[in-house]
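Data first, discussion second: the structure below is written as structure tokens.
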Amino acid sequence: MTPVHRTAAVTEDTVPVPLYQAKAEFFRTLGHPARIRVLELLQDGPRPVRELLELIEIEPSSLSQQLAVLRRSNLVTATRAGSTVVYALSTPDVAELLRAARRILTEMRPELDRDALGAAL
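Start counting the sequence shown at 1; every next residue gets the next number (UniProt numbering).
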């Protein structure tokens, strides 16, 4: 396999993509409130789908779609234990990104109530 320059991502067909384009796609993946909420909840540790459903309060089909997007983007992992599927963050860096977003928002938008930004610290 040929090494890829550090500033480029590789797509499925190994065509180099500029890092800025890969970043844009990454942030588009984060561009849905339900996906952000799932990631926030997973900061506390792995959770089964049924628990995510109770906490997020969206339709099961909608949650399933959002989890699929997060899985395809490798932001979360899924493991099956019998009939239960448990999701977890793929890396602690995802939690750090959410904490950084919270810090940025509280600095840029002081009118936002800190509690309104969610429980993730």
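Every residue gets a Cβ at the ideal spot worked out from N, C-alpha and C, and that includes glycine. Keep in mind the model is a prediction, meaning the values are calculated, not measured.
Item, Value
"By how many angstroms is the C-alpha of residue 21 removed from the C-alpha of residue 103?", "24 Å"
"Just the Cα atoms here: how many angstroms apart are residue 77 and residue 86?", "8 Å"
"From residue 88 to residue 46, what does the alpha carbon distance come to, in whole angstroms?", "4 Å"
"Spatial neighbours of residue 121 within its chain, please: CB distance less than 8 Å, with the 5 preceding and 5 following residues excluded, ordered by chain position.", "In this prediction, residue 121 scores a pLDDT of 42, lower than 50, which makes its location untrustworthy; the coordinate-derived value is nonetheless stated afterwards. These residues qualify, in order along the chain: 99, 102."
"Restricting to Cα atoms, I'd like to know which of 17, 31, 51 is closest to residue 84.", "51"
"Ignore the nearest five residues each way along the sequence and tell me which others in residue 95's own chain have a CB closer than 7 Å to its CB.", "43, 89"
"Excluding sequence positions up to five away, which residues of its chain have a Cβ less than 8 Å from the Cβ of residue 56?", "34, 37, 38, 41, 63"
"Do residue 53 and residue 60 have their beta-carbon atoms positioned less than 8 Å apart in this structure?", "yes"
"Can residue 42 be considered in contact with the ligand PLP, in the sense that its beta carbon sits closer than 7 Å to one or more heavy atoms?", "By its list of ligands, the structure shown contains no ligand whatsoever, and the ligand PLP lies outside what it can speak to."
"Take residue 65 as the anchor and find which of 49, 17, 80 has the nearest alpha-carbon.", "49"
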